[in-house]
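Colleague: Take the sequence shown: its position 136, counting from 1, is numbered 135 in numbering that gives the first Met the number 0, and each next residue is one higher. Note that the Cβ used here is the ideal one computed from N, Cα and C, for glycine as well.
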Amino acid sequence: MSESTAAAPPAEPATPPASDSGASTGESTEPSEGGEFSRDYVEKLRRENARYRTQVRELEPKAAKADELEQANATENERAVTAAKAETEKATAEKYRGLLVQAEARALAAELKFRDPEDAVRLVDLADVEAGEDGAVDRESIRSVLRTVADKKPYLIEAAPVPSPADAGIGVTGAPGSDYGNLSVSDMDKELFGSQ
Numbered sequence: 000m001s002e003s004t005a006a007a008p009p010a011e012p013a014t015p016p017a018s019d020s021g022a023s024t025g026e027s028t029e030p031s032e033g034g035e036f037s038r039d040y041v042e043k044l045r046r047e048n049a050r051y052r053t054q055v056r057e058l059e060p061k062a063a064k065a066d067e068l069e070q071a072n073a074t075e076n077e078r079a080v081t082a083a084k085a086e087t088e089k090a091t092a093e094k095y096r097g098l099l100v101q102a103e104a105r106a107l108a109a110e111l112k113f114r115d116p117e118d119a120v121r122l123v124d125l126a127d128v129e130a131g132e133d134g135a136v137d138r139e140s141i142r143s144v145l146r147t148v149a150d151k152k153p154y155l156i157e158a159a160p161v162p163s164p165a166d167a168g169i170g171v172t173g174a175p176g177s178d179y180g181n182l183s184v185s186d187m188d189k190e191l192f193g194s195q
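#1: With three or more beta-carbon pairs closer than 8 Å as the criterion, would you say the stretch 146-156 touches the stretch 117-131?
#2: Roughly how many whole angstroms lie between the Cα atoms of L99 and E59?
#3: Name the one or two DSSP bridge partners that I156 has.
#4: Report, in whole angstroms, the separation of the C-beta atoms of E117 and R105, which I expect to be a contact under 8 Å.
#5: Check E190 in the structure and name its three-state DSSP category.
#6: Where does L182 fall in DSSP's three states?
#7: Pull up the CB-CB distance for K112 and I156, whole angstroms please, since I reckon it's below 8 Å.
#8: I need the straight-line Cα distance from E75 to E132, nearest angstrom please.
#9: Can you tell me whether DSSP reads V123 as helix, strand or coil?
#10: Out of curiosity, what's the CA-to-CA distance linking E69 and R38?
#11: Around the C-beta of A92, are 16 or more other C-beta atoms found within 10 angstroms, so that it is buried, or is it exposed?
#12: According to DSSP, simplified to helix, strand and coil, what is A83?
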């Protein structure tokens with residue numbers, strides 16, 4: 000059959016709707032007294048049945064093809080969604096690994112007494128340092144790179160603090176003998192200068 004016939008909706012069934020009179024078309028849809036239908040009615044039903052079988056045979060391959068295309072499209076969509084998820088996860092993981100390496104580098108720079116750990120991190124190429132899948136960072140490689148920067152630019156490192164005179168052992172050492180806050184002026188003179 001042609002495509003136009005295949006695409007057409009199925010014809011109305013040959014059986015007319017039941018009416019109150021029972022014989023609106025002249026053909027009897029009720030069996031005769033012997034339990035048989037009229038020959039014309041049976042032939043009409045057979046032709047209608049044959050037409051439906053032919054339409055089904057013609058439409059089955061098209062339905063199968065439509066199912067295959069639908070499954071292929073669904074599979075393609077699923078693949079696209081999976082690829083997009085994987086790409087997003089990869090980009091997110093790379094971003095956070097980079098942030099983790101930078102945070103570790105700042106912590107090590109502070110430990111090595113850089114004046115400004117963020118400046119020290121900016122001077123270091125952290126592209127070669129990566130975090131593992133478990134998030135572990137190679138601290139020793141970062142530490143060695145930071146030590147190289149400290150050797151080349153020692154002014155970035157905090158100098159040892161100058162000791163106070165008391166820490167150096169210069170001047171008065173030890174705690175005062177009295178609580179000077181509760182003494183009067185004359186008592187303080189006596190304490191500091193002796194009795195006069």
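Modeller: Concretely, from the data shown:
#1: yes
#2: 59 Å
#3: Beta-bridge pairing links I156 to F113.
#4: 6 Å
#5: Helix.
#6: coil
#7: Confirmed, Cβ separation roughly 5 Å.
#8: 29 Å
#9: DSSP places V123 in coil when its eight states are reduced to three.
#10: 45 Å
#11: exposed
#12: helix
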